[in-house]
Amino acid sequence: MMNKKHPHLLRAILSGMAAILVFIACQPAPPKEEGEFKDSDLVELIKLDSTFKLDIRYATDNNFVGRPVYTEARAFLQRPAAEALVEVNKALRQMGYGLQIFDGYRPWSVTKTFWDITPDDKKKFVADPAQGSRHNRGCAVDLTLFDLATGKQIEMTGAYDEMSERSYPDYMGGTEEQRKMRDLLRSKMEAHGFSVYAYEWWHFDYQDWQSYRIENIPFSEID
Ligand SMILES: [Zn+2]
Numbered sequence: 002m003m004n005k006k007h008p009h010l011l012r013a014i015l016s017g018m019a020a021i022l023v024f025i026a027c028q029p030a031p032p033k034e035e036g037e038f039k040d041s042d043l044v045e046l047i048k049l050d051s052t053f054k055l056d057i058r059y060a061t062d063n064n065f066v067g068r069p070v071y072t073e074a075r076a077f078l079q080r081p082a083a084e085a086l087v088e089v090n091k092a093l094r095q096m097g098y099g100l101q102i103f104d105g106y107r108p109w110s111v112t113k114t115f116w117d118i119t120p121d122d123k124k125k126f127v128a129d130p131a132q133g134s135r136h137n138r139g140c141a142v143d144l145t146l147f148d149l150a151t152g153k154q155i156e157m158t159g160a161y162d163e164m165s166e167r168s169y170p171d172y173m174g175g176t177e178e179q180r181k182m183r184d185l186l187r188s189k190m191e192a193h194g195f196s197v198y199a200y201e202w203w204h205f206d207y208q209d210w211q212s213y214r215i216e217n218i219p220f221s222e223i224d
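Structure, rendered in structure tokens:
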């Protein structure tokens, strides 16, 4: 019998199987959600409006992680949110500005990565994967303004993904012009069903975010 003749072999097989089971059990998965949800209808923003300027930092190493977490520089939102964003872009165009998009829909696994690498005292700047992010639902967008005439990004009170009080949308520091631009972005977004996150002037949630599930679909699987 194998277990008598080769006890070490049996032990090795059993410990190998145990390791595989532990590996499977530890694979992170999105939280299970109960209730009624709309079907996901993620649309690529530039397919609705080619004048959005894409600046997908998470597809580059110019982000707080320091390495790319997306393999494709694309931005998606659920269709009603995407359509509302087109309206915001139109309203701003008349004033000489356009929307520069940093991020939209974000697969849940990326939210998990952000949480794991962020120190505890900075965790208010990242979503708890146990709750999921509104980005995971395709109903949150990170963005700023750019100048249509020069193509240059407009200066705000703080930088994108900066983990300091300069990121708060009601931060009173910075220059008057920076605050004016930040507040212009916010007012146009609010006029079209978005609300700003209390700790990040660049992050906006669409009004129907509760209607959509947390998703973990990679960009490569979205048409
Ligand atoms: Zn965000």
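Residues 2 to 224 in my numbering are what the sequence shown lists, from first letter to last. C-beta: ideal position from N, C-alpha, C; glycine also.
- request: List in chain order the residues whose CB is within less than 5 Å of at least one heavy atom of ligand 1.
  value: Those satisfying the condition are, in chain order, ASP143, HIS204.
field: LEU86 beta carbon less than 8 Å from that of LEU93
entry: Their beta carbons are not under 8 Å apart, which means LEU93 does not touch LEU86 by this criterion.
field: Beta-carbon gap between ASP56 and GLN79 smaller than 8 Å
entry: No, the pair does not count as a contact, with Cβ atoms beyond the cut-off.
- request: Compute the Euclidean distance between the alpha carbons of VAL142 and ASP104, then round it to the nearest angstrom.
  value: In a straight line, the C-alpha of VAL142 is about 6 Å away from that of ASP104.
- prompt: Are GLU73 and SER221 closer than 8 Å when you measure CB to CB?
  reply: Yes, these two residues count as a Cβ contact at 8 Å.
message: Runs of 3 residues minimum, wholly inside the stretch 47 to 132: which ones carry the beta strand (DSSP E) assignment?
response: Listed in chain order, the complete beta strand (DSSP E) runs (minimum 3 residues) inside the stretch 47 to 132 are 77 to 79, 98 to 104.
- prompt: Going by other Cβ atoms of all chains shown within 10 Å of its Cβ, with 16 needed for buried, is LYS124 buried or exposed?
  reply: Exposed.
query: What separation, rounded to the nearest whole angstrom, lies between the Cα atoms of ILE102 and TYR59?
result: The alpha-carbon atoms of ILE102 and TYR59 are separated by roughly 11 Å.
query: Buried or exposed: where does GLY133 fall if 16 or more other Cβ atoms within 10 Å of its Cβ makes it buried?
result: Buried.
message: Quick check on the burial criterion: 16 or more other C-beta atoms within 10 angstroms. Buried or exposed for MET96?
response: Label assigned to MET96: exposed.
task: On a CA-only basis, which of ASP162, TRP203, ALA192 is nearest ARG180? Give me that one, please.
output: Taking only the C-alpha atoms, the option nearest ARG180 is TRP203.
- prompt: Is the beta carbon of ASN217 less than 8 Å from the beta carbon of PRO69?
  reply: The answer is no: Cβ separation not under 8 Å.
- prompt: How should ALA83 be labelled, buried or exposed, when 16 other C-beta atoms within 10 angstroms of its C-beta is the threshold for buried?
  reply: Taking all protein chains in view, the Cβ of ALA83 is crowded by 16 or more other Cβ atoms within 10 Å, so the residue is classified as buried.
field: For GLU37 and TYR200, the rounded distance between their alpha carbons
entry: Taking the straight line joining both Cα atoms gives about 29 Å.
- request: For TYR98, I'd like the list of residues in its chain whose CB is within less than 8 Å of its CB, leaving aside the five on either flank, ordered along the chain.
  value: Excluding sequence neighbours, TYR98 sits near LEU146, PHE147, ASP148, LEU149, ILE155, LEU185.
- prompt: Apart from the five residues just before and just after GLY194, which ones in its own chain have a Cβ nearer than 7 Å to its Cβ?
  reply: Closer than 7 Å at the Cβ level, and outside the excluded window around GLY194, lie ALA85, TYR207, GLN208.
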